[in-house]
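Number of protein chains: 2
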Amino acid sequence: MADTNTRILLASRPVGEPTGADFQIETASIPEPGDGQVLLRTIYLSLDPYMRGRMRAGPSYAAALQIGEVMTGGAVAAVIESRAPGFAAGDIVNAHTGWQSHAVLDAEDLRKVDPSLAPISTAVGVLGMPGSTAYFGLLDICDPQPGETVVVSAASGAVGALVGQIARIKGCRAVGIAGSDAKCAYVRDELGFDAVINYKTQNVPDALTEVCPDGIDVYFDNVGGQTLDAVLEQINIGARISICGMISEYNHVEPELAPRPTRALLTKQARMEGFLMFQFADRHNEGRRQMAEWIRDGRLVYKEDFVDGLESAPRAFIGLLRGENFGKLIVHVGSDPTL
Amino acid sequence: MADTNTRILLASRPVGEPTGADFQIETASIPEPGDGQVLLRTIYLSLDPYMRGRMRAGPSYAAALQIGEVMTGGAVAAVIESRAPGFAAGDIVNAHTGWQSHAVLDAEDLRKVDPSLAPISTAVGVLGMPGSTAYFGLLDICDPQPGETVVVSAASGAVGALVGQIARIKGCRAVGIAGSDAKCAYVRDELGFDAVINYKTQNVPDALTEVCPDGIDVYFDNVGGQTLDAVLEQINIGARISICGMISEYNHVEPELAPRPTRALLTKQARMEGFLMFQFADRHNEGRRQMAEWIRDGRLVYKEDFVDGLESAPRAFIGLLRGENFGKLIVHVGSDPTL
Chain C
272 MADTNTRILL
282 ASRPVGEPTG
292 ADFQIETASI
302 PEPGDGQVLL
312 RTIYLSLDPY
322 MRGRMRAGPS
332 YAAALQIGEV
342 MTGGAVAAVI
352 ESRAPGFAAG
362 DIVNAHTGWQ
372 SHAVLDAEDL
382 RKVDPSLAPI
392 STAVGVLGMP
402 GSTAYFGLLD
412 ICDPQPGETV
422 VVSAASGAVG
432 ALVGQIARIK
442 GCRAVGIAGS
452 DAKCAYVRDE
462 LGFDAVINYK
472 TQNVPDALTE
482 VCPDGIDVYF
492 DNVGGQTLDA
502 VLEQINIGAR
512 ISICGMISEY
522 NHVEPELAPR
532 PTRALLTKQA
542 RMEGFLMFQF
552 ADRHNEGRRQ
562 MAEWIRDGRL
572 VYKEDFVDGL
582 ESAPRAFIGL
592 LRGENFGKLI
602 VHVGSDPTL
Chain R
272 MADTNTRILL
282 ASRPVGEPTG
292 ADFQIETASI
302 PEPGDGQVLL
312 RTIYLSLDPY
322 MRGRMRAGPS
332 YAAALQIGEV
342 MTGGAVAAVI
352 ESRAPGFAAG
362 DIVNAHTGWQ
372 SHAVLDAEDL
382 RKVDPSLAPI
392 STAVGVLGMP
402 GSTAYFGLLD
412 ICDPQPGETV
422 VVSAASGAVG
432 ALVGQIARIK
442 GCRAVGIAGS
452 DAKCAYVRDE
462 LGFDAVINYK
472 TQNVPDALTE
482 VCPDGIDVYF
492 DNVGGQTLDA
502 VLEQINIGAR
512 ISICGMISEY
522 NHVEPELAPR
532 PTRALLTKQA
542 RMEGFLMFQF
552 ADRHNEGRRQ
562 MAEWIRDGRL
572 VYKEDFVDGL
582 ESAPRAFIGL
592 LRGENFGKLI
602 VHVGSDPTL
């Protein structure tokens, strides 16, 4: 067992795109658990777009990281030492360890992961936060109906890939927007979307018109920006738009200006709603159970994009914001005892 | 009885603010009703902001007016001659006559007005389209809860004045935004709003902060533009914004650019929804009954701003878009037999 804790801190607030210099890697002593706490060893660290928001000063839905704080992040971890009832060394848990090799957390903030259900890495993917985001964001916020056209951006990403597949399971037509021919081929051929648009090589408004001949009933928005503007021009009466993220805007120093969406929302009697998966905290098990069943039945597939070693996290995260990952981005921090 | 029909046509599509030259007044022979139709004499013509949208080319929620067409508009009218069962000369009806002194309409497009219920002019105001817009737009789209802060723009207007009063009836705190000290005094002192902002003399973001110390839970938006942008910065978690109109933008030649509302909607898990009162067509009686009861009980007051003569309609309509009216704007076209 390692005798030091490797951790990555926020060194400075990025202006625009983050650089390696915005992160600082350091070693510290391994913390000791108090009563009701457990010491964890990180196995899989999740990298997610929302982390860019935490690096920014000022209020958001969660407090900003302070300079010198460990970067925030969810992970799959193994219990090394437990001083809390219900947890024992060797247990696998889903926990908010942050970007570090070891962490001490209160037992109440842990969720046990059942390694017999699926590979444990899925606890930060399809059976974790991205899965709940896709499941509740699509089904509860957008209420898609059979035969409707559902468009999702970042369609090969951790959330988007699930959204389109769930839409199809619910009898909808799924249209994805992604950023490379390889991603588009994956979305169409392996995930089974009905159509896909490469926003880097195609004119998005024209392509939407072509592949959504009946208009757009639901848009699950992961990217914001001009893709959202284009979708708004082609929504149907009664359309629902869930605002899950706006990764195309996260590195902007000043907000981009655009025509207001209100005219489209008014004339189409349409709805645009922001959500966070925390809203559905008391129903995560429901979503997880359903997703696990669809996986077992072969109706839902997922893709993980692993990078090796905690020290790779900053570079991988910068790439995530550029769309360089392909599937759910996970840092393999420590050995997986279930493999 | 007049033996000619005076009518006002769309002469040209306005670029920016409409001018008198965009309208053409003419006389024509009085049309004759066919089977199932009635001949109407217009008494009160309603002038409403939505009409600006009809003067624009291109699709919206309703077809654009063609050049040379009679300007669209709802009215209170008297039946002169009926060739339809259920209607007789002398009946008072609510009908979409357009901007003209006489009209022939199918009986199925008429709604009888009961003169014993309230002054018949209210059939184009508090007991008509603006009333339904306020009632359903606030209660159904925004679902205001007791104790919440409800902000409404164009607060002395036909819709806004009702929205704030209904909000207070439902136990909310009502905050109005209006465009003159006289309107603000009316909104506060006669309509009983809890607070009011004069957007022409006050800094709206600062004023909102001052009069909404607990943030904004509901915004009923009649004006769009920078007022909406300012409200978005101060919404609470779970806020609901109903998009009813955007009068501040109707005369724009190009859409104004603004920061997208998506960041505010996401971080506050908030909802923005456009609506048209047609959505609630099968429930208009419900709204009308409730509003009439509140009027009888003295809980709901309304203000009408009459102008005389059909030939005044263009000038009055141009003034409406500038906010020059004070209360529900109505053109008194012909004599009211109930007075």
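Residue numbers (this note's numbering), protein chains in the order written: chain C, 272 to 610; chain R, 272 to 610. Don't be surprised by glycine CBs; every beta carbon is placed ideally from N, CA and C.
Closest by C-alpha distance to residue i, when choosing among the options
i: R/TYR470; options: R/SER451, R/TYR457, R/VAL286, R/ALA552; result: R/SER451
i: R/VAL502; options: R/HIS555, R/GLU527, R/THR420; result: R/THR420
i: R/ASN493; options: R/ARG542, R/GLN473, R/LEU409, R/TYR573; result: R/LEU409
i: C/GLN308; options: C/SER606, C/THR368, C/ILE296; result: C/THR368
i: C/ILE468; options: C/GLU504, C/VAL446, C/GLU461; result: C/VAL446
i: R/GLU504; options: C/ARG559, C/ARG323, C/SER331, C/THR498; result: C/SER331
i: C/GLY463; options: C/THR404, C/VAL572, C/SER387, C/TRP370; result: C/VAL572
i: R/LEU581; options: R/GLY344, R/PHE549, R/TRP370, R/MET322; result: R/TRP370
i: R/GLY428; options: R/ASN556, R/SER300, R/PHE491; result: R/PHE491
i: C/GLU481; options: C/ASN596, C/ASP465, C/VAL434; result: C/ASP465
i: C/HIS603; options: C/SER387, C/THR393, C/TYR457; result: C/THR393
i: R/VAL423; options: R/ARG511, R/GLY291, R/LEU610; result: R/ARG511
i: C/GLY496; options: C/GLY361, C/PRO302, C/PRO526; result: C/PRO526
i: C/ASN474; options: C/ILE448, C/MET517, C/ASP306; result: C/ILE448
i: R/GLN436; options: R/TYR321, R/TYR406, R/CYS455; result: R/TYR406
i: R/ALA584; options: R/SER300, R/ASP306, R/SER317; result: R/SER317
i: C/ASP362; options: C/ARG382, C/GLY516, C/CYS455, C/ALA425; result: C/ARG382
Residue range of the unbroken alpha helix (DSSP H) whose run includes residue i
i: R/GLN497; result: 496 to 503
i: C/ASP460; result: First-last for C/ASP460: undefined, no H or E at that position.
i: C/HIS611; result: Because chain C in this structure spans residues 272 to 610, residue 611 of chain C falls outside the shown range and cannot be described.
i: R/PHE294; result: It is not in any alpha helix (DSSP H) - R/PHE294 instead sits in the beta strand (DSSP E) that spans 294 to 300.
i: C/LEU571; result: Where C/LEU571 is concerned, there is no enclosing alpha helix (DSSP H), given that its DSSP letter is neither H nor E.
i: C/SER403; result: 400 to 407
i: C/VAL475; result: 475 to 482
i: R/LEU537; result: 533 to 538
i: R/PRO585; result: 584 to 593
i: R/LEU433; result: 431 to 440
i: C/GLY324; result: 321 to 325
Chain-ordered chain R contacts of residue i [CB-CB under 8 Å]
i: C/ARG262; result: In the structure as shown, chain C begins at 272 and stops at 610. Residue 262 of chain C is therefore absent and cannot be evaluated.
i: C/SER331; result: THR538
i: C/PRO526; result: PRO530, ARG531, ARG534
Interface partners of residue i on chain R, CB under 9 Å
i: C/MET517; result: ARG531, THR533, ARG534, LEU537
i: C/LEU499; result: ARG531, THR533
Contact list for residue i against chain R, beta-carbon separation under 7 Å
i: C/GLY495; result: ARG531, THR533
i: C/ILE514; result: THR533, LEU536, LEU537
Distance between residue j and residue i (C-alpha atoms, nearest Å)
i: R/ARG284; j: R/GLU340; result: 12 Å
i: R/ARG327; j: C/VAL364; result: 60 Å
i: C/ALA529; j: R/THR404; result: 28 Å
i: R/ASP319; j: R/PHE294; result: 16 Å
i: R/ASP274; j: R/ILE351; result: 12 Å
i: R/VAL224; j: R/GLU288; result: Residue 224 of chain R is absent from the model: chain R starts at 272 and stops at 610.
i: R/GLY324; j: C/LEU499; result: 24 Å
i: R/GLY486; j: R/ILE506; result: 6 Å
i: R/LYS574; j: R/GLY431; result: 11 Å
i: C/GLY594; j: C/GLY329; result: 25 Å
i: C/LEU214; j: C/ALA346; result: It is not possible to answer for residue 214 of chain C, since the shown part of chain C is limited to 272 through 610.
i: R/PHE551; j: R/CYS413; result: 14 Å
i: C/GLN561; j: C/GLY418; result: 21 Å
Beta-carbon neighbours of residue i, restricted to chain C and to distances below 7 Å
i: R/GLN550; result: GLN540
Rounded Cβ spacing between residue i and residue j (contact assumed at less than 8 Å)
i: R/ALA378; j: R/ALA355; result: 3 Å
i: C/VAL395; j: C/ILE601; result: 6 Å
i: R/LEU398; j: R/ARG559; result: 5 Å
i: R/GLU297; j: R/ARG312; result: Wrong, their Cβ atoms sit about 18 Å apart, outside the cutoff.
i: R/LEU591; j: R/ASN522; result: In fact, because the Cβ distance is near 11 Å, the residues do not count as touching under 8 Å.
i: C/LEU433; j: C/PRO401; result: 7 Å
i: C/GLN540; j: C/ILE514; result: With 8 Å as the limit, C/GLN540 and C/ILE514 do not qualify as a contact, their Cβ atoms being about 18 Å apart.
i: R/ASP579; j: R/GLY598; result: Not quite, the Cβ-Cβ distance comes to about 15 Å (not below 8 Å), so this is no contact.
N-terminal and C-terminal residue of the beta strand (DSSP E) that residue i is part of
i: C/THR277; result: 275 to 281
i: R/SER317; result: 308 to 317
i: C/THR420; result: 420 to 424
i: C/ARG542; result: 542 to 545
i: C/GLU340; result: No beta strand (DSSP E) contains C/GLU340, which DSSP labels as neither H nor E.
i: R/PHE491; result: 487 to 492
i: C/ALA466; result: 466 to 469
i: C/ARG511; result: 506 to 514
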